[in-house]
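Undergrad: For the protein sequence lines, the chains are A and B, in the order given. Its first residue numbered 1, the first sequence is counted upward by one per residue in the working numbering. Its first residue numbered 194, the second sequence is counted upward by one per residue in the working numbering.
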Amino acid sequence: MNKDTLLNDQHYKTYMKKVHSMISRLPKHDQADIQREISSHIYESLNNYPETTVEQALENLGEPQTYLSEWVVTKKLETAAGTFNPFRIIWGLISGIVRHSAYAFKYILFGLLYLFTLAFGSLCIVKIIAPGHTGLFLYQQGFTFGFSSDIGNGHEVLGNKFIPICLFITILSYMVITVLLKMSLSKAKERLF
Amino acid sequence: MEANVIAKWETQMKKGTLDFIILLLLKKKDQYGYELLEHIKSASGYDISEGTIYPLLNRLKDDHLIESKWVEMETGMPRKYYSITSSGQLSLEKMTAFWTTLSGNLKNLI
Numbered sequence: 001m002n003k004d005t006l007l008n009d010q011h012y013k014t015y016m017k018k019v020h021s022m023i024s025r026l027p028k029h030d031q032a033d034i035q036r037e038i039s040s041h042i043y044e045s046l047n048n049y050p051e052t053t054v055e056q057a058l059e060n061l062g063e064p065q066t067y068l069s070e071w072v073v074t075k076k077l078e079t080a081a082g083t084f085n086p087f088r089i090i091w092g093l094i095s096g097i098v099r100h101s102a103y104a105f106k107y108i109l110f111g112l113l114y115l116f117t118l119a120f121g122s123l124c125i126v127k128i129i130a131p132g133h134t135g136l137f138l139y140q141q142g143f144t145f146g147f148s149s150d151i152g153n154g155h156e157v158l159g160n161k162f163i164p165i166c167l168f169i170t171i172l173s174y175m176v177i178t179v180l181l182k183m184s185l186s187k188a189k190e191r192l193f
Numbered sequence: 194m195e196a197n198v199i200a201k202w203e204t205q206m207k208k209g210t211l212d213f214i215i216l217l218l219l220k221k222k223d224q225y226g227y228e229l230l231e232h233i234k235s236a237s238g239y240d241i242s243e244g245t246i247y248p249l250l251n252r253l254k255d256d257h258l259i260e261s262k263w264v265e266m267e268t269g270m271p272r273k274y275y276s277i278t279s280s281g282q283l284s285l286e287k288m289t290a291f292w293t294t295l296s297g298n299l300k301n302l303i
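This is the structure in C-alpha cells:
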C-alpha cells in the first residue's frame, strides 16, 4: 500500500482522530512524534504483510485508549511536576483521576495533600484579614495553630513572624509533595507494558 | 485457579525480560519500532500487543538507555530508528551477567 492510499483511508483517519483526542493535552512536539510513529507503524505493518487490511493492522496495534491512556497521563503529570506549576499539576491529577482509574486513589491522595497545603498557605491571607484571631496560640493546656474564633486566655507567640513561617512551611510542603509525586510517577512508568 | 497463577507469572516474566530483550536486539543493530516488534516476537515467542511497545520504548528513552532519530525514506513514511546508548550498553552488560548467573543456577535446580 502506498502512503497516500493509507492517509486517505477512512479507518485510518478515524483511528488517528482517536489518537489525537488521547494526546491532545501533551506538548505539540510529543503529539507530532506519537502521531508520526503510529502512522509509520501502520504503514510498515501493511507493507510487511500485503495481505493485511487497514482494519486488521489497526486491530493488531490495539485501541489507542488501551496503550496510550496510562502513558499519556503519566507523561502529562511528569511534565507538570517537572515545572512545579501548581495549575498544571492539578489539571494533570484531575486527568489522572478521570482517565486512569487504576491509579485514581493515588492521584486523589496527592490531590488531598495539595489541598491541605493550599489551606495551610491561605492562613497567610487570613492573618491579614483577622490578625487577632490567627497565629500560634498557647494555652495552659495545649496550643492552636491557625485561625481560632475564640482565643480565650490564649497567648499568641509568633506575631509578625507568622506569615513568613506559614509561607515557608507551605512552600516546603509543596516541594516535598511534588518530589514524592515525581518519584511515584517514575515507579508507575516501570509498570507500563 | 492454576491457569490464573501461571498467566500472572508469565506476565511478570514478560515485564521483567522485555527491557533486556530490547537492549539485546538493539545492540545488534539500530531498528525502527515495527522491525523491533517483529524481532521481539520471533526471539522470545512473546505474543505482545503491538501498541504496548511504544510506551516501553519511551520509558527506556527517558532512562537514557536508548535514543531515537527519524530517518526519511525515499519511498513511504519516515521511520523512527532506535539505538542503544553507552549507558544502555553498561546496563546490558550488568543484565547479561545477572541473567547468566540466574539461568545457570536455575538449570542446576531444575
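All C-beta atoms in this analysis are idealised placements derived from N, C-alpha and C, irrespective of residue type, glycine included. All figures in this text were calculated on a predicted structure; none of them were measured in a lab.
Is the distance from the Cβ of Phe-199(A) to the Cβ of Glu-156(A) below 8 Å?
TA: No statement about residue 199(A) is possible, as the shown extent of chain A runs from 1 to 193 and does not include it.
Undergrad: What do you get for Pro-50(A), buried or exposed, if any count of 16 or more other CB atoms within 10 angstroms of its CB means buried?
TA: The count along the first sequence starts at 1 and reaches residue 50(A) at position 50. Its Cβ having fewer than 16 others within 10 Å, Pro-50(A) is exposed.
Undergrad: Please confirm whether Glu-44(A) has its beta-carbon closer than 8 Å to some beta-carbon of chain B.
TA: On the first sequence, position 44 is the one that residue 44(A) refers to. Closer than 8 Å: yes.
Undergrad: Do Arg-36(A) and Lys-76(A) have their C-beta atoms within less than 8 Å of each other?
TA: Position 36 of the first sequence holds residue 36(A). Position 76 of the first sequence holds residue 76(A). Going by C-beta atoms, Arg-36(A) is not nearer than 8 Å to Lys-76(A).
Undergrad: If we cut at 8 Å on Cβ distances, does Lys-221(B) have a partner in chain A?
TA: Within the second sequence, residue 221(B) is the residue found at index 28, counting from 1. So no, Lys-221(B) is outside the interface.
Undergrad: So if DSSP puts Ser-276(B) in a beta bridge, which residue, or which two residues, is it bridged to?
TA: Here residue 276(B) refers to the residue found at position 83 when the second sequence is read from its first residue. Note: Ser-276(B) is bridge-paired with Glu-260(B) in the DSSP secondary-structure output.
Undergrad: I'd like the span of the beta strand (DSSP E) that includes Phe-84(A), first residue to last.
TA: As a working note, residue 84(A) is residue 84 in the first sequence. No beta strand (DSSP E) holds Phe-84(A); DSSP gives it neither H nor E.
Undergrad: Inspect the beta-carbon positions of Ala-130(A) and Phe-145(A) and report whether they are closer than 8 Å.
TA: Residue 130(A) sits at position 130 when you count from the first residue of the first sequence. Residue 145(A) sits at position 145 when you count from the first residue of the first sequence. No; because the gap between Cβ atoms is not below 8 Å, this pair is not in contact.
Undergrad: Under the assumption that Leu-58(A) contacts Tyr-15(A) (Cβ atoms under 8 Å), give the Cβ distance between them as a whole number of angstroms.
TA: Position 58 of the first sequence, counted from the start, is the residue given in the question as residue 58(A). Position 15 of the first sequence, counted from the start, is the residue given in the question as residue 15(A). That pair is a contact at about 5 Å.
Undergrad: Classify Phe-84(A) as buried or exposed, calling it buried when 16 or more other Cβ atoms lie within 10 Å of its own Cβ.
TA: Working through the first sequence from its first residue, we reach residue 84(A) at position 84. It is exposed - the Cβ of Phe-84(A) has fewer than 16 other Cβ atoms within 10 Å.
Undergrad: Once DSSP output is grouped into helix, strand and coil, what is the label at His-100(A)?
TA: Taking the first residue of the first sequence as position 1, residue 100(A) is located at position 100. Coil at His-100(A), not helix or strand.
Undergrad: Starting from the beta carbon of Arg-189(A), find every residue of chain B whose beta carbon is closer than 9 Å, and list them in chain order.
TA: Taking the first sequence and counting its residues from 1, the one referred to as residue 189(A) is at position 189. Correcting the residue type first, residue 189(A) is Lys in the shown sequence and not Arg. Going along chain B in sequence order, the residues near Lys-189(A) (Cβ under 9 Å) are Pro-248, Asn-251, Arg-252, Asp-255, Asp-256.
Undergrad: DSSP on Gln-141(A), reduced to helix/strand/coil?
TA: Taking the first residue of the first sequence as 1, we reach residue 141(A) at position 141. Coil, per DSSP.
Undergrad: Evaluate Gln-141(A) with the Cβ neighbour count: other Cβ atoms within 10 Å of its Cβ, from every protein chain shown; 16 or more gives buried, anything less gives exposed.
TA: Reading the first sequence from its first residue, position 141 is the one you call residue 141(A). Burial call: exposed.
Undergrad: In angstroms, rounded to a whole number, what distance separates the CA positions of Lys-207(B) and Asn-60(A)?
TA: Taking the second sequence and counting its residues from 1, one reaches residue 207(B) at position 14. Taking the first sequence and counting its residues from 1, one reaches residue 60(A) at position 60. Going by the C-alpha atoms only, they are around 19 Å apart.
Undergrad: Using a Cβ cut-off of 9 Å, which residues of the stretch 212-239 of chain B contact any Cβ in chain A, in chain order?
TA: Tyr-225, Gly-226, Tyr-227, Glu-228, Leu-230, Glu-231
Undergrad: Can you look up Glu-156(A) in the DSSP assignment and give me helix, strand or coil?
TA: Residue mapping note: residue 156(A) aligns to position 156 of the first sequence, counting from 1. Strand, per DSSP.
Undergrad: With burial defined as no fewer than 16 other Cβ atoms inside 10 Å of the residue's Cβ, what is the status of Ser-279(B): buried or exposed?
TA: Along the second sequence, read from residue 1 onward, the residue named residue 279(B) stands at position 86. That one is exposed.
Undergrad: Pull up the CB-CB distance for Val-54(A) and Leu-6(A), whole angstroms please, since I reckon it's below 8 Å.
TA: Taking the first sequence and counting its residues from 1, one reaches residue 54(A) at position 54. Taking the first sequence and counting its residues from 1, one reaches residue 6(A) at position 6. The C-beta separation of Val-54(A) from Leu-6(A) comes to about 7 Å, placing the pair in contact by the 8 Å criterion.
Undergrad: Candidates Lys-189(A), Ala-81(A), Ile-94(A), Pro-164(A): which alpha carbon is nearest Val-176(A)'s?
TA: By one-based count along the first sequence, residue 176(A) stands at place 176. Cα-wise, what sits closest to Val-176(A) is Ala-81(A).
Undergrad: Rounded to the nearest angstrom, what separates Met-1(A) and Gln-10(A) at their Cα positions?
TA: Counting from 1 along the first sequence, the entry for residue 1(A) is found at position 1. Counting from 1 along the first sequence, the entry for residue 10(A) is found at position 10. For Met-1(A) and Gln-10(A), the distance between alpha carbons rounds to 14 Å.
Undergrad: List the residues that DSSP assigns as beta-bridge partners of Phe-147(A).
TA: On the first sequence, residue 147(A) is found 147 positions in, with the first residue counted as 1. Paired residue(s): Thr-134(A).
Undergrad: Leaving out five residues before and five after Lys-182(A) in sequence, what residues of the same chain have Cβ atoms less than 8 Å from its Cβ?
TA: As a position in the first sequence, residue 182(A) is number 182, starting the count at 1. Same-chain partners within the cutoff: Glu-78, Ala-81, Gly-82.
Undergrad: Under 7 Å, CB to CB, which of the residues in the stretch 2-27 of chain A have a partner in chain B?
TA: Lys-3
Undergrad: Check whether chain A comes within 8 Å of Glu-243(B), counting only Cβ atoms and requiring the distance to be less than that.
TA: In the second sequence, residue 243(B) corresponds to position 50, counting from 1. At least one beta carbon of chain A lies nearer than 8 Å to the beta carbon of Glu-243(B).
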